[in-house]
Amino acid sequence: MVGLGLRLWGINFGLPALYRPDEDVTVGRAMGILHGIADPHFANWPHLYFYLAAAWLAPFHLLGLVSDQASAYLGVRALDAIFGSLTVLVVFEFGRHAYGWLAGFLAAAASTVAFLHVRDSHFATLDVPLALAITVGLYVAYRTMTISGARPLLLNGVILGIATSLKYNGAFVFAGIAAAQTLRGRAARSAWLPPVARLVLVAVVGVGTLAVTSPFLVLDAAVTGHGLRYILQHLATTSAPAIGYVELAIGLWFGIDPVLVLIGTIGVGYAVFRRQPADWIVLAFLLIYFIVIGAGGSVFFRYADPMIPALLLLGGRALADLVRHGVNPAFRHAVLASVILLVLAPPLVHDVRYDLLIQQADTRTLAYDWLAQNMPPGQRAAVPYMAGPA
408 MVGLGLRLWG INFGLPALYR PDEDVTVGRA MGILHGIADP HFANWPHLYF YLAAAWLAPF
468 HLLGLVSDQA SAYLGVRALD AIFGSLTVLV VFEFGRHAYG WLAGFLAAAA STVAFLHVRD
528 SHFATLDVPL ALAITVGLYV AYRTMTISGA RPLLLNGVIL GIATSLKYNG AFVFAGIAAA
588 QTLRGRAARS AWLPPVARLV LVAVVGVGTL AVTSPFLVLD AAVTGHGLRY ILQHLATTSA
648 PAIGYVELAI GLWFGIDPVL VLIGTIGVGY AVFRRQPADW IVLAFLLIYF IVIGAGGSVF
708 FRYADPMIPA LLLLGGRALA DLVRHGVNPA FRHAVLASVI LLVLAPPLVH DVRYDLLIQQ
768 ADTRTLAYDW LAQNMPPGQR AAVPYMAGPA
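For my numbering, add 407 to where a residue sits in the sequence shown, where the first one is 1.
Now the structure itself:
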């Protein structure tokens, strides 16, 4: 509930004005689908979230609660906040099953207050839903790793397809799935062919799920080709004087606060040392995602969102093991309370300050009001397209 409250607080910021980049694409396509335009005529992103947002808005539209632009944006922002809160629950379940209850609790508590994830849960965009799908994918890869038969592979493939259908970089969850199946093959001492065959099946199901959930990527091939070319050009074009890997690191440093970055980094090192099955799965995803996304020329802070739950999962596990094995049982509860306070207080303060800030009048609104009061009728103002930080 704390996580949901932090993500819903101030969620109506800026409305009815539109101050966030990309929200117009998400909400505009969702409203188009709601009014019978099934083809988004856009392929820079896949289409699943457009359909999910339209389905979410539909009952509110029938009740008259979504009747204008502002209410539609507010509705999809609320959906993002819900997905962000659900991510916290998945992190807890993953940590509980992989590393124990305390690890799950600490990882979920850190995810609850991780600033970048809280901030981006206020926006009607794709990065937070993608983070949820990837976290679910890694969790399912872990839970189904030792289960025989085709059903676990089909489930992994469906989740792979859903993650990719939310945003193309959701396909990187396949790294975690591949790690799980490789571990399964090593445990069974099988040849290389069975794990490869299982991964091929997962990939085929994933592609099929992508095609079903974003059908116009197939039906409107010309638009899809244009969208994919734009993505490649976008990634190859340097839009900021910084290296992509550095931007991702900075995004995490300021995005989840230094204390959580430190805990997450320690968690990664500890996972490399321990090398439990869940460690391999999470590390494989983090490594591939960081290498590929960091290689791009245009890397925004929000691109770090899918890494945050996995990073904090490892950090929570490291903290839990430290408390369990490095503290005298007589002082364990006091030390645990102190650790929770020291680790969670800084990002929580950051979250609250942000939620208070966004409820204030936006400087762009203040500028518009000044122009309306002081510019003579008929004069024009030149305004560059800079919707806001990404």
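Don't be surprised by glycine CBs; every beta carbon is placed ideally from N, CA and C.
Note that the structure is predicted; figures quoted are calculated from it, not measured.
Suppose contacts are defined by Cβ-Cβ distances below 7 Å. Is Ala-799 in contact with Leu-509 by that definition?
Limits of the chain in this structure are 408 at one end and 797 at the other, which puts residue 799 out of reach.
Using the beta-carbon count (16 or more within 10 Å), is Asp-475 buried or exposed?
Residue mapping note: residue 475 aligns to position 68 of the sequence shown, counting from 1. Flag for Asp-475 reads exposed.
Does the beta carbon of Met-408 come closer than 7 Å to any beta carbon on chain B?
Note that chain B does not occur in the displayed structure, where there is just one protein chain.
Nearest-angstrom Cα separation, counted from Leu-561 out to Ala-797:
Indexing the sequence shown from 1 puts residue 797 at position 390. Indexing the sequence shown from 1 puts residue 561 at position 154. Here Ala-797 scores only 43 on pLDDT, less than 50, and its place in the model should not be relied on; the value that follows carries that caveat. One C-alpha to the other measures close to 35 Å.
Under the rule that 16 or more other beta-carbon atoms within 10 Å means buried, what is Ile-569, buried or exposed?
For this step, residue 569 is matched to residue 162 along the sequence shown. The residue in question, Ile-569, is buried, as its Cβ has 16 or more Cβ neighbours within 10 Å.
Here's the rule: buried if 16 or more other CB atoms are within 10 angstroms of the residue's CB, otherwise exposed. What is Ser-745?
On the sequence shown, position 338 is the one that residue 745 refers to. So Ser-745 counts as exposed.
Assuming Glu-430 contacts Thr-532 under a Cβ cut-off of 8 Å, what Cβ separation, rounded to an integer in Å, is found between them?
Position 23 of the sequence shown, counting from 1, holds the residue named residue 430. Position 125 of the sequence shown, counting from 1, holds the residue named residue 532. Between the beta-carbon of Glu-430 and that of Thr-532 there is about 6 Å, and that keeps the pair under the 8 Å contact cut.
Could you check the C-alpha separation between Ala-737 and Gln-766 for me, to the nearest Å?
Position 330 of the sequence shown, counted from the start, is the residue given in the question as residue 737. Position 359 of the sequence shown, counted from the start, is the residue given in the question as residue 766. When rounded, the separation of the alpha-carbon atoms in Ala-737 and Gln-766 is 45 Å.
Give the range of the alpha helix (DSSP H) segment to which Ala-437 is assigned.
Within the sequence shown, numbered from 1, the residue matching residue 437 stands at position 30. First-last of the alpha helix (DSSP H) with Ala-437: 430-441.
Pick out the complete alpha helix (DSSP H) segments inside the region 658-724, 4 residues or longer, and give them in chain order.
Within the region 658-724, the complete alpha helix (DSSP H) runs of at least 4 residues fall at 665-681 and 684-701.
Closer than 8 Å is the cut-off here; do at least three beta carbon pairs connect the region 630-646 with the region 684-693?
Between the region 630-646 and the region 684-693 there are fewer than three inter-stretch CB-CB distances shorter than 8 Å, so the stretches are not counted as touching.
Looking at Val-525 and Asp-758, is the spacing between their C-beta atoms short of 7 Å?
Start at 1 with the first residue of the sequence shown, and residue 758 comes out as number 351. Start at 1 with the first residue of the sequence shown, and residue 525 comes out as number 118. Closer than 7 Å, so yes.
Do Ser-621 and His-454 have their CB atoms nearer than 7 Å?
Within the sequence shown, numbered from 1, the residue matching residue 621 stands at position 214. Within the sequence shown, numbered from 1, the residue matching residue 454 stands at position 47. Going by C-beta atoms, Ser-621 is nearer than 7 Å to His-454.
Verify whether the separation of the beta carbon atoms of Leu-545 and Gly-577 is less than 7 Å.
Against the sequence shown, residue 545 aligns to sequence position 138. Against the sequence shown, residue 577 aligns to sequence position 170. Between Leu-545 and Gly-577, the CB-CB gap reaches or exceeds 7 Å.
So, do the region 712-725 and the region 610-630 have three or more beta carbon pairs nearer to each other than 8 Å?
Contact fails between the region 712-725 and the region 610-630, because fewer than three Cβ pairs, one in each stretch, are under 8 Å apart.
Whole-angstrom C-beta distance between Asp-712 and Ala-538, which should lie under 8 Å
Taking the first residue of the sequence shown as position 1, residue 538 is located at position 131. Taking the first residue of the sequence shown as position 1, residue 712 is located at position 305. Their Cβ separation, rounded to whole angstroms, is 5 Å, which keeps Ala-538 and Asp-712 in contact under 8 Å.
Alpha carbon of Phe-499 to alpha carbon of Ala-604, nearest angstrom
The count along the sequence shown starts at 1 and reaches residue 499 at position 92. The count along the sequence shown starts at 1 and reaches residue 604 at position 197. Taking the straight line joining both Cα atoms gives about 32 Å.
Going by Cα to Cα distance, which pick from Ala-461, Val-580, Leu-464 and Gly-417 is closest to Phe-530?
Here residue 530 refers to the residue found at position 123 of the sequence shown. Comparing C-alpha distances from Phe-530 to each of Ala-461, Val-580, Leu-464 and Gly-417 shows the shortest one belongs to Gly-417.
Is Pro-754 buried or exposed, if buried means 16 or more other CB atoms sit within 10 Å of its CB?
Taking the sequence shown and counting its residues from 1, one reaches residue 754 at position 347. Answer is buried; the Cβ neighbour count reaches 16.
Under DSSP, the alpha helix (DSSP H) around Gly-544 begins and ends at which residues?
Within the sequence shown, residue 544 is the residue found at index 137, counting from 1. Run containing Gly-544: 534-550, per the alpha helix (DSSP H) assignment.
Three-state class that DSSP yields for Leu-461 in the structure shown:
The residue you call residue 461 lines up with position 54 of the sequence shown. Position check: residue 461 holds Ala in this sequence, whereas Leu was assumed. In the three-state reduction of the DSSP assignment, Ala-461 falls in the helix class.
When the Cα of Met-552 is compared with those of Leu-470, Ser-528, Ala-587 and Arg-731, which residue comes out closest?
Locating residue 552 in the sequence shown gives position 145, where the first residue counts as 1. Residue Ala-587 holds the alpha-carbon nearest to the alpha-carbon of Met-552 among Leu-470, Ser-528, Ala-587 and Arg-731.
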